[in-house]
Amino acid sequence: MKKFLLVFLIIAIVTGLNMPEGFLARLGVDSSILMAATIAIVFAGFMQHLNLALIVLITIMAVAANVSDEAASAIGYDPDLVLVGLIALVLMPFIARQL
Numbered sequence: 004m005k006k007f008l009l010v011f012l013i014i015a016i017v018t019g020l021n022m023p024e025g026f027l028a029r030l031g032v033d034s035s036i037l038m039a040a041t042i043a044i045v046f047a048g049f050m051q052h053l054n055l056a057l058i059v060l061i062t063i064m065a066v067a068a069n070v071s072d073e074a075a076s077a078i079g080y081d082p083d084l085v086l087v088g089l090i091a092l093v094l095m096p097f098i099a100r101q102l
């Protein structure tokens, strides 16, 4: 029952995010609040399933490390630093297993 309620809540919030701004304003809801709630629920789900969170984080960092230098500087990060973080993130479970 809890999973059903959580899935229903996520579907309702995401549907609300896709509504026009005028419709949300008539309901008295700010879209940034809905976005923050969605992010909070997703992070809470990732904390429940840490292996999935690790896979998603590694995927995002791999994509970010392979972005061209021009695009990365326009966004405001250094792909080399992301690559170092990615290597550390991949090696961390192996190091923790040895301790």
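Sequential numbering from 4 applies to the sequence shown in this note's numbering. Glycine included, every Cβ here is placed at the ideal spot set by N, Cα and C.
Roughly how many whole angstroms lie between the Cα atoms of residue i and residue j?
{"i": "residue 29", "j": "residue 14", "result": "20 Å"}
{"i": "residue 19", "j": "residue 42", "result": "14 Å"}
{"i": "residue 78", "j": "residue 23", "result": "27 Å"}
{"i": "residue 49", "j": "residue 62", "result": "14 Å"}
{"i": "residue 64", "j": "residue 27", "result": "34 Å"}
{"i": "residue 21", "j": "residue 100", "result": "43 Å"}
{"i": "residue 83", "j": "residue 90", "result": "11 Å"}
{"i": "residue 70", "j": "residue 98", "result": "28 Å"}
Suppose the cutoff is 8 Å on Cβ atoms and the five residues either side in sequence are ignored; what does the same chain contact list for residue i look like?
{"i": "residue 44", "result": "9, 12, 13 and 16"}
If residue i sits next to residue j, beta carbons under 8 Å apart, how far is it from one beta carbon to the other, in whole angstroms?
{"i": "residue 75", "j": "residue 81", "result": "7 Å"}
{"i": "residue 68", "j": "residue 86", "result": "4 Å"}
For the candidate residues the options, whose alpha-carbon lies nearest to that of residue i?
{"i": "residue 93", "options": "70, 72, 69 and 59", "result": "59"}
Between residue i and the rest of its own chain, which residues show a CB-CB distance below 6 Å, the 5 nearest in sequence each way excluded?
{"i": "residue 55", "result": "none"}
By Cβ distance, which residues of its chain are closer than 7 Å to residue i, with the 5 residues on each side in sequence left out?
{"i": "residue 34", "result": "20, 24 and 27"}
- What residue ranges within the stretch 7-74 form continuous alpha helix (DSSP H) runs of no fewer than 4 residues, ordered along the chain? 24-30, 34-51 and 53-68
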